[in-house]
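Below you'll find the structure, written out as structure tokens, and then a few comments.
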Amino acid sequence: MIDIHTHLLYGLDDGAETLDETLAMLRLASNSSTKELIFTPHIAEEFKFPIDLAVEKFKEVKEASAKAKIDIKLHLGFEVRLDKEIFAKHEFDFERLTINKEEKYILVEFPFLDIPPYYKEIIKYITTSDITPIIVHPLRNSRIIQNLSIIKELCSLGCLMQFNADDTRDPRSSGILLRLLKQNLVHFIASDAHSIDMRPPILSNAYRFIEKRAGKKYAEGLFIENPRKVLEGDIIDDWGLQNGGFFDRIKDIFNR
Ligand SMILES: [Fe+2]
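Residue numbers (the numbering used here): 93 to 348.
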């Protein structure tokens with residue numbers, strides 16, 4: 093599996109604090125069948141680190157992980173808060189915030205309590221640069237939870253949706269997730285790992301949940317194939333269509 097959203101790069105945000113913690117989390121991810129992982133430190137008002145420092149730490153961790161013989165391939169991206177000041181600040185080095193600096197995909201986080209009134213302008217700003225915004229954990233935003241049609245609207249504006257492995261755990265969010273998956277509005281599931289204990293970098297339980305409730309093809313799409321396209325800069329435009337009919341066999345689960 094490929095984990096596209098993690099806070100394992102130490103000493104930058106509210107994720108791992110030391111190199112040892114980073115390595116312990118990488119070992120845990122690798123032992124849980126994650127083959128590749130993207131470090132995505134927060135770019136937000138409350139975390140002030142230069143991008144150069146993240147690049148430096150990324151190199152250091154890659155070397156340390158290879159030396160420790162941890163079998164996992166590492167990539168660098170960022171999780172950017174949807175905030176006009178943040179976007180204005182990075183107007184001229186925006187490509188550095190995209191995954192692997194490839195200018196194809198970027199992780200975007202809404203504030204938890206609200207949706208800024210200018211959100212469409214920022215999404216347009218990203219998509220007109222031919223970059224696809226991946227909206228992270230939409231179910232953690234209270235306005236989206238109250239009005240799930242916003243997810244459909246965001247997808248129609250060119251966004252893709254990443255849900256957290258956590259969302260498969262409680263009955264309410266997992267029910268919503270399955271309903272959205274049926275409408276092809278779920279594109280990735282990632283750990284959003286912050287520490288060994290709180291939200292660990294483990295995808296295997298969530299994978300099994302999707303495999304059991306929606307089938308192997310969806311599980312492979314969410315955890316392997318779509319993330320692979322992100323890493324390779326390929327387009328994800330026909331997601332779900334090729335799986336047509338899959339849900340028909342299990343349609344009754346949505347009424348449970
Ligand atoms: Fe995150």
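Glycine included, every Cβ here is placed at the ideal spot set by N, Cα and C.
Every value quoted in this text rests on a predicted model; they were computed, and no experiment measured them.
Residue i, enclosing beta strand (DSSP E) - first and last residue
i	result
I96	94-98
I162	Element bounds for I162: n/a, residue is neither H nor E.
R173	171-173
I227	224-228
DSSP bridge partner residues for residue i (one or two, in chain order)
i	result
N256	A282
E245	In the DSSP output, where bridge partners are listed per residue, E245 has none listed.
P133	In DSSP, P133 forms no bridge with anything.
F139	A136
V200	V172, I227
E128	I94, K165
Residue interval of the alpha helix (DSSP H) (run including residue i)
i	result
E187	Segment: none, E187 is in no alpha helix (DSSP H) and carries neither H nor E.
Y210	Neither: Y210 is in no alpha helix (DSSP H) and is coded neither H nor E.
E324	318-324
I268	263-274
M290	Premise fails: M290 is in no alpha helix (DSSP H) and is neither H nor E.
Y299	296-306
CB of residue i within 8 Å of CB of residue j, strictly
i	j	result
T132	H97	yes
L166	K212	no
I215	F255	no
I236	I243	yes
E195	E187	yes
L120	P292	yes
Integer Cβ distance of residue i from residue j, believed to fall under 8 Å
i	j	result
L252	I94	In fact, because the Cβ distance is near 14 Å, the residues do not count as touching under 8 Å.
I191	I143	That pair is no contact at about 14 Å.
V228	D284	7 Å
I162	L118	5 Å
F315	S266	At roughly 15 Å, the Cβ-Cβ gap does not stay under 8 Å, so F315 and S266 are not in contact.
I207	R173	With a Cβ gap of about 12 Å, I207 and R173 do not count as contacting.
L272	S234	Their Cβ separation, rounded to whole angstroms, is 17 Å, which puts L272 and S234 out of contact at 8 Å.
D55	E137	Outside the modelled stretch of the chain, which goes from 93 to 348, sits residue 55, for which no answer is possible.
A257	I294	7 Å
K151	Y102	13 Å between Cβ atoms; not a contact.
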